[in-house]
Amino acid sequence: MKRRTMPAAAALAATAALLLTACGGGDDKSSNNDKIAGADAGSATAASPSASASSAANRPKIELPSDVTDKYENWKTGDATEDAVLADTAQRIDATNDAILRGDTSAPGLSFYYRDKALTDAVAWVQAYVKANLSFTGTTRYYAPKVTLSGKSTASVVYCSDESKGFNKNRKTNKVDRTPSKESPYVLYNTRLERNKQGVWQTSNLVSKRGDKTCAG
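Sequence positions in the sequence shown follow my numbering and run 630 to 846.
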């Protein structure tokens with residue numbers, strides 16, 4: 630079973646806040662967090678891109694466990710502002726996964742990299758995992774990012790994720806569920822970000838769609 634797929638009951642419980650897909654999943658929520666397939670114009674890296682905003686922002690330290698990897702491909706454009714947006718997008722993804730893995734809706738990374746509706750949805754998503762007694766393991770690939778800037782403090786990022794090498798894990802027993810899933814492992818994300826006074830690009834809205842053909846292949 631691919632990562633972030635929860636039992637139907639848990640998915641339904643989170644639907645009101647997250648607009649999840651029928652199978653449920655950390656990707657299909659009303660606060661953006663997925664990507665687009667296609668662009669292969671750069672080297673792939675397993676580590677998160679370094680945050681480009683000033684160190685004065687006092688960013689929370691986020692370290693994922695050794696059995697979990699967020700892999701970012703073609704995550705730099707060569708434009709300083711766009712790269713800063715992408716770096717904070719990656720940090721936001723890592724922060725979300727960190728909160729899920731720790732089962733902590735108060736994890737500092739959430740309020741640091743999210744705001745407004747996206748923050749509310751992210752907290753609800755983490756809580757859905759906690760209630761389902763689920764965690765996850767494996768590698769999730771993020772790729773084909775497209776950044777659109779609007780002025781100096783607003784941007785949108787569309788990207789894809791591939792969860793085919795990620796699996797749910799029971800939080801209590803640590804048993805990994807590798808049952809094959811009929812749901813697509815590909816998720817398309819469309820996000821809006823706003824730059825705060827500390828120079829951090831925070832995600833304010835996020836929409837995702839599992840199985841979008843843009844990300845497959």
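Think of the CB as a built atom: it goes at the ideal place given N, C-alpha and C, for glycine as much as any other residue.
Reference residue i, options the options, closest by Cα
i             : options                        : result
glutamate 757 : Val805, Lys746, Gly732         : The sequence shown places alanine at residue 757, not glutamate. When only C-alpha atoms are compared, the closest one is Gly732.
tyrosine 788  : Lys746, Lys700, Thr749         : Lys700
serine 779    : Pro737, Trp830, Ile722, Glu812 : Trp830
lysine 775    : Val759, Lys826, Thr698, Asp708 : Asp708
leucine 748   : Val759, Ala761, Thr734         : Thr734
glutamate 792 : Leu693, Pro694, Thr698, Glu692 : Thr698
alanine 773   : Ile691, Ala845, Gly738         : Ala845
glycine 738   : Val714, Lys760, Ile691         : Ile691
tyrosine 743  : Asp841, Val714, Leu693         : Val714
Residue i, enclosing beta strand (DSSP E) - first and last residue
i              : result
glutamine 831  : 830-839
leucine 693    : Looking at the DSSP string, leucine 693 is not in any beta strand (DSSP E), and its letter there is neither H nor E.
asparagine 819 : 815-824
For residue j and residue i, believed in contact at Cβ under 8 Å, the rounded distance
i             : j             : result
glycine 828   : alanine 724   : Between alanine 724 and glycine 828 the Cβ distance is about 17 Å, and since that is not below 8 Å, they are no contact.
lysine 804    : serine 764    : No, lysine 804 and serine 764 are not in contact; Cβ-Cβ is about 11 Å, not under 8 Å.
threonine 777 : glycine 795   : Actually they do not touch by this definition, with Cβ atoms about 28 Å apart.
threonine 820 : threonine 718 : 7 Å
Cβ-Cβ distance between residue i and residue j below 8 Å
i              : j                 : result
isoleucine 729 : valine 755        : yes
serine 833     : leucine 822       : yes
tyrosine 771   : serine 785        : no
proline 689    : phenylalanine 741 : yes
aspartate 727  : alanine 716       : no
aspartate 696  : threonine 766     : yes
aspartate 750  : leucine 817       : no
asparagine 616 : arginine 721      : Beyond the ends of the chain as shown, which are 630 and 846, falls residue 616; an answer cannot be given.
serine 782     : arginine 824      : yes
Reduced DSSP category for residue i - H, G, I as helix; E, B as strand; rest coil
i              : result
serine 793     : strand
glycine 671    : Residue confidence is low: glycine 671 scores 34 on pLDDT, short of 50, so the model does not pin down where it sits. Its coordinate-derived value is still stated next. It is coil, neither helix nor strand.
lysine 746     : helix
arginine 770   : strand
lysine 804     : coil
glutamine 827  : coil
glycine 654    : Its pLDDT being 35, under 50, glycine 654 is placed unreliably in this model, and the coordinates cannot settle the point.
alanine 757    : helix
serine 735     : coil
alanine 845    : coil
asparagine 662 : For asparagine 662, the pLDDT reaches just 34, beneath the cut-off of 50, and the residue's location in the model is therefore unreliable, although a value from the coordinates is still provided. Asparagine 662: coil per DSSP, three-state reduction.
serine 782     : coil
serine 740     : helix
Distance cut-off 7 Å: residue i Cβ against heavy atoms of the ligand SAM
i              : result
asparagine 687 : As for the ligand SAM, it is missing from this structure, which has no ligand bound.
Run of the alpha helix (DSSP H) containing residue i, from where it starts to where it stops
i             : result
glutamate 711 : 709-731
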